[in-house]
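**Student:** Mind having a look at this structure? Questions to follow.
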Amino acid sequence: MFEGLSQRFDQILRKITGKGLLTESQVAETLQEIRIALLEADVTLDVVTKLVDALRQKLVGAEIAKAMTPVETVLKELYLEIVRILGENKSNIQLSSKPPTIIFLMGLQGSGKTTTVAKLAYHFRQSGKRVLMVASDLQRLAAVEQLKVLGEQVGVPVVLPKENVTRPKDMYPDVRRRWIEGMHEVVIIDTAGRLSIDEDLMQELKELKALYNPKESLLVLDAMTGQESVRVAQAFDQKIGLDGLIFTKLDGDARAGAILSIRSVLGKPIKFIGTGEKTDRLEPFYPDRVASRIIG
Ligand code: GDP
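Set out below in structure tokens:
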């Protein structure tokens with residue numbers, strides 16, 4: 001996870017390993033290299049500038065603790081800054097005081113949305129909740145069948161579209177009846193994806209959101225796509241409104257850029273990360289743990 005950036009930090013810090021107090025130019029050089037490494041990892045300029053400025057304040061002059069070497073100081077401060085950027089604390093899914101808690105999962109095609117619906121269902125089922133999934137991604141033909149199979153795997157019922165139903169909103173009465181009859185506590189809705197953002201998709205999601213009034217509207221993003229996913233998230237947030245994000249594919253060649261940028265750009269928390277294709281590969285997002293992995 002985040003190998004590229006961790007390796008860069010490692011190379012930068014190796015240059016000052018074994019040194020006593022850093023000279024002003026050594027501090028400047030180290031900060032410049034950290035800046036470049038972050039920009040190359042696709043972190044937003046604004047976030048990079050804030051992070052490097054905060055590090056500079058800690059590293060210049062008398063701030064360096066006597067007991068620590070420059071490398072330890074840079075590592076510690078870098079870690080603390082990254083934790084701060086990632087939002088400090090774990091951000092939970094909010095549960096409705098009156099069940100069911102409706103969770104809306106949105107995302108572009110291929111982001112891992114349908115898989116994440118099942119992962120989240122499994123997560124809640126593991127904590128003893130009565131969960132229902134709704135296969136209303138009617139855009140991608142295989143998505144309904146995929147969720148049906150995943151539902152069998154995780155032991156969670158799935159509402160499928162009735163024959164001739166082509167619009168997700170037409171499934172609503174059936175879905176509502178099912179959650180009432182089944183006394184479900186958590187209802188997770190898979191929604192339509194597209195290859196890129198388009199107005200029809202946004203309109204459909206907006207209408208569906210108004211109908212279901214979900215407690216949590218979450219956007220699923222592929223961690224391998226870097227800055228582009230920040231732009232996608234901005235568009236979804238402006239048009240539909242988001243409560244949080246889920247990044248998938250952190251087991252792959254994940255880029256740290258989007259993960260580090262999104263909170264500052266959007267002001268919305270990352271709630272979970274996907275770390276594999278299997279349905280149990282979903283972890284709550286702990287800023288301190290992820291910061292440790294980024295530092296390497
Ligand atoms: P959707 O089009 O957004 O609904 O995407 P899918 O849920 O069908 O996922 C697209 C592909 O990404 C599938 O092959 C999934 O198995 C894979 N995938 C989803 N989440 C993860 C993850 O966390 N790690 C890895 N390695 N693959 C994932």
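For the sequence shown, the UniProt record's numbering assigns the number 1 to the initial residue and increments by one for each residue that follows. We put the beta carbon where it would ideally sit given N, CA and C, even for glycine.
1) Let me check you understand the geometry: is the CB of Val290 closer than 7 Å to at least one non-hydrogen atom of the ligand GDP?
2) Could you say which of Arg177, Glu181, Tyr172, Asp200 lies nearest to Asp190 if we only look at CA atoms?
3) Would you tell me roughly how many angstroms separate the C-alpha atoms of Ala62 and Glu72, rounded to the nearest one?
4) Where does the unbroken alpha helix (DSSP H) through Lys209 begin, and where does it stop?
5) When DSSP labels each residue in this structure, what does Met106 get in the three-state scheme?
6) Taking 8 Å as the cut-off, decide whether the C-beta atoms of residue 304 and Ile295 are in contact.
7) Leaving out five residues on either side along the sequence, give the residues of the same chain with a beta carbon under 6 Å from the beta carbon of Glu185.
8) Taking the straight line between their C-alpha atoms, what separation do you get for Ala254 and Met1?
9) With DSSP collapsed to three states, give me the class of Phe9.
10) What residue from Ile273, Val60, Ala235, Gln7 has the CA that sits closest to Gln26's CA?
11) With a CB to CB cut of under 8 Å and the five nearest residues on each side skipped, what residues in its chain are close to Ser91?
12) Applying the criterion that 16 or more other CB atoms from any shown protein chain within 10 Å of the CB defines a buried residue, is Val154 buried or exposed?
**Tutor:** According to the data block:
1) For the purposes of this step, residue 290 is taken as the residue at position 290 of the sequence shown. Because no heavy atom of the ligand GDP lies under 7 Å away, the Cβ of Val290 does not count as near it: no.
2) Along the sequence shown, one-based indexing puts residue 190 at 190. Cα-wise, what sits closest to Asp190 is Tyr172.
3) Indexing the sequence shown from 1 puts residue 62 at position 62. Indexing the sequence shown from 1 puts residue 72 at position 72. The predicted model places Ala62 with a pLDDT of 49, which falls under 50 and marks its position as unreliable, so this point remains unresolved.
4) Position 209 of the sequence shown, counting from 1, holds the residue named residue 209. Unbroken alpha helix (DSSP H) run through Lys209: 199-212.
5) For the purposes of this step, residue 106 is taken as the residue at position 106 of the sequence shown. Of the three classes helix, strand and coil, the one that applies to Met106 here is strand, per DSSP.
6) Residue 304 lies beyond the stretch modelled for the chain, which goes from 1 to 296, so this question has no answer here.
7) For this step, residue 185 is matched to residue 185 along the sequence shown. Taken in chain order, the residues that qualify are Pro99, Pro100, Lys129, Arg130.
8) By 1-based counting over the sequence shown, the position of residue 254 is 254. By 1-based counting over the sequence shown, the position of residue 1 is 1. Rounded to whole angstroms, Ala254 to Met1 spans 6 Å at the Cα level.
9) Within the sequence shown, residue 9 is the residue found at index 9, counting from 1. Helix at Phe9.
10) Here residue 26 refers to the residue found at position 26 of the sequence shown. Of the candidates Ile273, Val60, Ala235, Gln7, the one whose C-alpha sits nearest the C-alpha of Gln26 is Val60.
11) Translated into positions along the sequence shown, residue 91 becomes position 91. Same-chain partners within the cutoff: Gly244, Pro269, Ile270, Lys271, Phe285.
12) Translated into the one-based positions of the sequence shown, residue 154 becomes position 154. Burial check for Val154: the Cβ neighbour count within 10 Å reaches 16 or more, so the residue is buried.
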